[in-house]
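Peer 1: Take a look at the following structure, please.
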Amino acid sequence: MLAFEATWSLMTPEIVLGALAMLVFTIDFMTGIHEKKPFIGRLSIFSLLVTAVLVLVMNPQGGQIGDTFLVDPFAMVFKLIILVGVALVIMMSMNYLDRNEDIYQGEYYSILLFTALGAMIMVSSADLITLFIGLEIVSISSYALAGFKKHNIDSTEASIKYIVLGGTASAFILFGMSYLYGLTGTTSLYEIGAAMPELFADYTVMIMISLLFMLGGFGFKVSMVPFHMWAPDVYYGAPTPVTAFLATVSKLAAFGIIIRVFTLGFESIYAEWAFIVATIAAITMIVGNFIALTQQDVKRLMAYSGIAQAGYILVPIATVLNNFSITVIIFYSVAYIMMTLGAFSIITLVSEQSGRKTGMDTFAGLYQRSPYMAVAMAIFLLSLAGLPFTAGFIGKANIFLLAINGNMLWLAIIMIVTSIISFYYYFGVIKQMFMAEPKPNAEEIKVPGGIQAVVTVTLAGTVLLGILPNLLLDLFTGFNWMI
Amino acid sequence: MQLAWLIPVFPLIAFLILLFFGRLLQEKSAYVGIAALALSFIYSVLALFERVGGETYTYVFEWMTFGETSLTMGYEVTALNAMMLIVVTVVSLLVHVFSREYMHEDHRIHVFYSYLGLFSFSMLGLVLAPNILQLFIFWELVGLCSFLLVGFWYFKPEAASAAKKAFLTTRIGDVGLLIGLVLLFNEVGSFAYADIYAAVENGMVEQPMVTAIALLVFLGAVGKSAQFPLHVWLPDAMEGPTPVSALIHAATMVAAGVYLVGVMYPVFLASETALTVVAYTGAITAFFAATMALVMTDIKRVLAYSTISQLGFMILALGTAGYVAGLFHLMTHAFFKALLFLGAGSVIVAVHHRQDISVMGGLWSKMKITSVTFLIGALAIAGIFPLAGFWSKEEILASALLNGNGFLFGLALVTAFMTAFYMFRLFFKTFTGDYRGAHDDEDEADGHGEDDHHGEPHENTGFMTMPLVVLAVLAVTAGFVNLPFIGYPLEGFLTAGLNLGDQPHGELWLAFLSLAVAAGGILLAWAMYYKGSISEDFFAAKAPAVHKLLLNKYYLDELYTAVFVKPTVAVGRFFWEMDKGIVDGMVNLIGRFTSTSGRTFGKTHNGQLQTYGVVSVLGGIVVIAIAFVLRGYFG
């Protein structure tokens, strides 16, 4: 087989991460199941960082293994985002795990490492099978993670819902893929892309069914409307750091494959689907932002806000598909992961200090209880809303300008109007933090080191990219994302 | 001028110092803020002098590359912003000084000063911006700071909701501004003022597009400068500490809107329609706000409506090609409005943090400095010769008459009359007659009451009176920079190098007419509230319905709640119910699917799993169906 003569060294980071994940897994078995195991957490973070370094130094020129596995700037940047994201999730989890005795710590860490591995495979794949395997590694690990507090009814419920609906999503994706395979006889996205113009002319309906089913299936993962319904319940029930993971790494990796599949496979019929994506983006922004207005629970609020954010990221895809729109998306992804992880780490902290509740009123008077956390949270929320001097503003401004340049004025206006609406609910939280008295029995919050670190890193990123966006934009503009 | 970038940096440094060390400094925080603003002021004066003798100075650097275009940041010193720098730094500095005493009992004084620093930084940054994107960035920051400051006494529920209202109402205007900016960028390919001016003057932008852009940008100004119909936030913003009101009303927040129109003036000039809309918005705002000011009994609310009304004057002037008149009034108004607000603050402290003018009175003999300076402010805003307000208001009337029409001019004239009337109603009720607040000290109007402060009102210390005196001097003299006898020097300065057409100037009779109208208003107030020859309730009794309508601010708040707020939340609810309920019913209709399999997961209490699955599948089918119908794959 051709594949055996390929440069397997391209896969070094994945192989190393897989090995380290197995190592973590094994050490976990050897040390008993119930203990607190902070060293495994540290080892996991170390593994992720080692992998990140390998991504950077191995094969900087890129390459591919057959038609199935790609290493290009697009994959590399996404992998870095994923690895850093998972590392931050683990960092914010460590204190949470120590406080929740019903979680088996070792398993938690190793499963998170496997999700990182799956996500890396996803963004590198150029073949439907590879892609699906990566996706399922992430999905199945996520189902387990969502139900990790196995004696907690919300968590269990979240897990079951996620399994059933996630399974439906996988079915959607496979169904769409089966049409493509049936028509082309190949699973390679390159070959599918090459055959696409001719195929579309001959089998318009079948190609569109396949495209839309795949879009719907991926849409589950990124929580776009009308495939968003699992998100609020799962986000609410899952352990908060897992929610953070689902809202960031899992979602962004899914965006990675949407871009990959639609660029490689369906680019030639862009005109046929751009409008559909634009419409879905518009509906997603509207529904997400409007429902968020009514929410009184912070995790559900973040779920709907996350749905709205998914709508924003869809805008560039709907507008134009080129190197520059990918730059815009990746910049927004970086901003998004920073502000969302930052916000979730503070939500973890606050809810743990308020008896695991996540109502909006748990944030009352946070400024008095922990000024740094309150200010940081305010900045994350303002960044999510898109206020200047934050990374979120730059990201959104880029998307606006792109939409305008691409003659999608109506979409840009919907985005502007809905993001104005979003200020309303983000300000609800800010008002609680700064303009409400703490509850009588609330104490000053002691911030654990892990959360402190995550907040500081993400805060620095959010503000720095808001003031000096060129740090990343210059770098990204120089990339030829897809080889 | 090369060092002009330092002007906003000083308050920023003060902000950072207070953010990190405020708790240690406590009351000394005030001096950090005052020192920073003093430095900013000195540099502003230097910048102004250099600019008067020189050319516009611009410095830009590349900030963000966006595809092939790159966006720049930087600063520039033009005639307009050199003037604005002075206004902002003077008022801000005096507010800083005043607050030292006003806020000294508040244990969060360091937070207060840090916000003030950030506020001044934002406004100065806004003024120095060489392109409209940078202006927008600082514009948003200004809004955020006003949110923080208006809600400073968050333990008062009204303050917290006023803060939110201020921020969110102005955001409605910001939608327009942002869309306008994006359209402008699309047309011109640059955010820099110079490029925009050039493009508009060369007719590069098509006519309907110019109008659209101008109107959208103007919407931003309407929100920020509290013009009708988005003015509702400003009176509520009175819940903030009084020095903040002075800052918001005179030099920062609301001035930003007028400044925006001023700085984008060539775009407005290019569109007849836009100018007309601007003029009518201004005139109507001026008129309506003045009518509401007639009946308010809260000292700060009267001033708030007078601010809205005066801003209406400025906008009216700008809408009738009176570029200099509008900006001239922006400057003079900044001084006397700051004076009036700080004077009101001084009064409020003296009467133990109450704001209702019906429990004041007789303060003239008890607080000499406050009274005299307040009188000067009132005369200035009423437009009495030779105070600052006289000169600028006369120019506004001239431009409404010469470039507007009889209706605009009439409205402006009636408003000028009402201005004089309500200001002196306020003055007489507060400072003359007998003190009416001696015996009911127990009902504290404010969460601020301290028991050791009972007793007769008396004059405040130098920290509070010194700013009043300085502002009073400015309220008298600021008008002299554009005297007709010496050839309108301010006009020459502001219009040099710009292609703005001739500025309207009134003839001598207009000056006398405006003076007579102002005097008439004062006289009527005197007759009603000092002499008592006309009953105070004369008008209220004659037209109770009108009185009630005015007292309830034309029911606009209620209207907006019913028309905008509730529907928005209702839409949210509706989508949510769709997510939760309606869909559920639909599924029940489809079959017993839910009821049978529902038992399996019966214990789940928030949301039916099957429902989600069905909705997703149905949703997918609907998406596919719509897509197919739209693209016509079936036909």
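If you read the protein sequences in the order shown, they are chains Z and W. Note that the numbering used here has the first sequence beginning at 67, numbered continuously upward. Note that the numbering used here has the second sequence beginning at 13, numbered continuously upward. C-beta: ideal position from N, C-alpha, C; glycine also.
So, does the CB of W:Ala-226 fall closer than 8 Å to a CB anywhere in chain Z?
Peer 2: So, not an interface residue.
Peer 1: At a Cβ cut of 9 Å, what residues of the segment 458 to 469 of chain Z count as close to chain W, listed as they run along the chain?
Peer 2: Answer in chain order: Phe-459, Ile-460, Ala-463, Asn-464, Phe-466, Leu-467, Leu-468 and Ala-469.
Peer 1: Closer than 8 Å, Cβ to any Cβ of chain Z: which residues of the segment 28 to 46 of chain W, in chain order?
Peer 2: So nothing in the stretch comes that close.
Peer 1: Just to confirm, are Z:Phe-293 and W:Gly-631 a CB contact at a threshold of 8 Å?
Peer 2: Yes; because the gap between Cβ atoms is below 8 Å, this pair is in contact.
Peer 1: Rounded to a whole number of angstroms, what is the C-alpha to C-alpha distance between W:Val-599 and Z:Ala-374?
Peer 2: Confidence at W:Val-599 is low in this model, with a pLDDT of 46, below 50, so the placement of that residue is unreliable and no value is reported for it.
Peer 1: Go to W:Met-216, then tell me how far its alpha helix (DSSP H) extends in each direction, as first and last residue.
Peer 2: Neither: W:Met-216 is in no alpha helix (DSSP H) and is coded neither H nor E.
Peer 1: With a CB to CB cut of under 7 Å and the five nearest residues on each side skipped, what residues in its chain are close to W:Ala-267?
Peer 2: Counting only Cβ-Cβ distances below 7 Å, and skipping sequence neighbours, we find Leu-342 and Ala-346.
Peer 1: Using the Cα positions of W:Ala-531 and W:His-261, report the straight-line distance between them to the nearest angstrom.
Peer 2: Rounded to the nearest angstrom, the two C-alpha atoms are 25 Å apart.
Peer 1: Let me check one thing: in DSSP terms, what residues is Z:Ile-131 bridge-paired to?
Peer 2: DSSP, once it has assigned bridges, lists Z:Phe-135 as partnering Z:Ile-131.
Peer 1: Going along the segment 476 to 496 of chain Z in order, which residues come within less than 8 Å of chain W, judged by CB to CB distance?
Peer 2: Correct list: Ala-478, Ile-479, Ile-482, Val-483, Ile-486, Ile-487, Phe-489, Tyr-490 and Phe-493.
Peer 1: Going along chain W in order, which residues have a C-beta closer than 8 Å to the C-beta of Z:Pro-535?
Peer 2: Under the 8 Å cutoff, chain W gives Trp-75 and Met-76.
Peer 1: Rounding to the nearest angstrom, what Cα-Cα distance links W:Tyr-71 and W:Thr-332 in this structure?
Peer 2: Cα to Cα, W:Tyr-71 sits roughly 33 Å from W:Thr-332.
Peer 1: With a CB to CB cut of under 6 Å and the five nearest residues on each side skipped, what residues in its chain are close to W:Phe-443?
Peer 2: Closer than 6 Å at the Cβ level, and outside the excluded window around W:Phe-443, lie Leu-375, Trp-376 and Ser-383.
Peer 1: Thinking W:Val-488 and W:Leu-502 are a contact (beta carbons under 8 Å), I'd like their distance in whole angstroms, please.
Peer 2: Not confirmed; about 16 Å, so no contact.
Peer 1: Please list the segments of the alpha helix (DSSP H) lying wholly inside the segment 395 to 456 of chain W, counting only runs of 4 or more residues, in order along the chain.
Peer 2: The segment 395 to 456 of chain W contains these whole alpha helix (DSSP H) runs: 400 to 414 and 418 to 443.
Peer 1: For a contact meaning CB atoms closer than 7 Å, what does Z:Ile-357 contact in chain W?
Peer 2: Result: Gly-584, Phe-587, Trp-588 and Asp-591.
Peer 1: For W:Asp-186, return the contacting residues in chain Z, with the cut-off set at a CB-CB distance below 8 Å.
Peer 2: Residues of chain Z passing the Cβ test: Ile-486.
Peer 1: Can the beta-carbon of Z:Ile-346 be found closer than 8 Å to that of Z:Phe-284?
Peer 2: Contact flag unset, no.
Peer 1: Exposed or buried, what is W:Ile-498 when buried is set at 16 or more other beta-carbons lying within 10 Å of its beta-carbon?
Peer 2: Burial call: exposed.
Peer 1: Using only alpha-carbon positions, find the residue among Z:Trp-476, Z:Ala-235 and Z:Gly-172 that is nearest to Z:Phe-341.
Peer 2: Of Z:Trp-476, Z:Ala-235 and Z:Gly-172, the residue nearest in Cα terms is Z:Trp-476.
Peer 1: Against W:Gly-232, what residues of chain Z qualify as contacts under a CB-to-CB distance less than 7 Å, listed in chain order?
Peer 2: Per Cβ cutoff of 7 Å: no residues; W:Gly-232 is ~12 Å from chain Z at best.
Peer 1: For Z:Ser-159, name the three-state secondary structure that DSSP assigns.
Peer 2: Helix at Z:Ser-159.
Peer 1: Using the beta-carbon of each residue, which ones in chain W are nearer than 8 Å to Z:Asp-540?
Peer 2: In chain order: Thr-77.
Peer 1: Compare the C-beta of Z:Ile-275 with all C-beta atoms of chain W and state if any pair is closer than 8 Å.
Peer 2: Cβ-Cβ to chain W under 8 Å: yes for Z:Ile-275.
Peer 1: In chain order, what are the residue ranges of uninterrupted alpha helix (DSSP H) at least 4 long that sit wholly in the segment 367 to 395 of chain W?
Peer 2: The segment 367 to 395 of chain W contains these whole alpha helix (DSSP H) runs: 380 to 394.
Peer 1: From W:Gly-355, W:Tyr-335 and W:Tyr-542, pick the residue whose C-alpha is nearest to that of W:His-517; which is it?
Peer 2: If we check each option's Cα against that of W:His-517, W:Tyr-335 comes out closest.
Peer 1: What does DSSP give as the partner residues of W:Ser-82 in its beta bridges?
Peer 2: W:Thr-77, per the DSSP bridge assignment.
Peer 1: In whole angstroms, what is the alpha-carbon distance linking Z:Pro-506 and W:Asp-118?
Peer 2: Their Cα atoms are separated by approximately 22 Å.
Peer 1: Check the Cβ of W:Glu-152 against every Cβ in chain Z and list those closer than 7 Å, keeping chain order.
Peer 2: Result: Leu-453 and Pro-454.
Peer 1: Could you work out which residues of chain Z lie near W:Leu-180, taking near to mean beta carbons separated by less than 8 Å?
Peer 2: Result: Phe-489, Tyr-490 and Phe-493.
Peer 1: Looking at the C-beta of W:Lys-176, does it have a partner C-beta in chain Z at a distance below 8 Å?
Peer 2: So, interface residue.
Peer 1: Just tell me which of W:Phe-131, W:Phe-61, W:Asp-514 and W:Phe-197 has its CA closest to the CA of W:Ser-257.
Peer 2: Checked all of W:Phe-131, W:Phe-61, W:Asp-514 and W:Phe-197; the closest Cα to W:Ser-257 is W:Phe-131.
Peer 1: Is it right to say Z:Gln-419 is buried, meaning 16 or more other beta carbons lie within 10 angstroms of its own, or is it exposed?
Peer 2: Under this definition Z:Gln-419 is a buried residue.
Peer 1: Hey, does W:Arg-183 have any beta-carbon neighbour from chain Z nearer than 8 Å?
Peer 2: Closer than 8 Å to some Cβ of chain Z, the Cβ of W:Arg-183 qualifies, so yes.
Peer 1: For the alpha helix (DSSP H) holding Z:Gly-532, just list the boundary residues, first then last.
Peer 2: Start and end: 515 to 533.
Peer 1: Any beta carbon of chain W sitting closer than 8 Å to that of Z:Met-404?
Peer 2: Judged by the 8 Å Cβ criterion, Z:Met-404 is not in contact with chain W.
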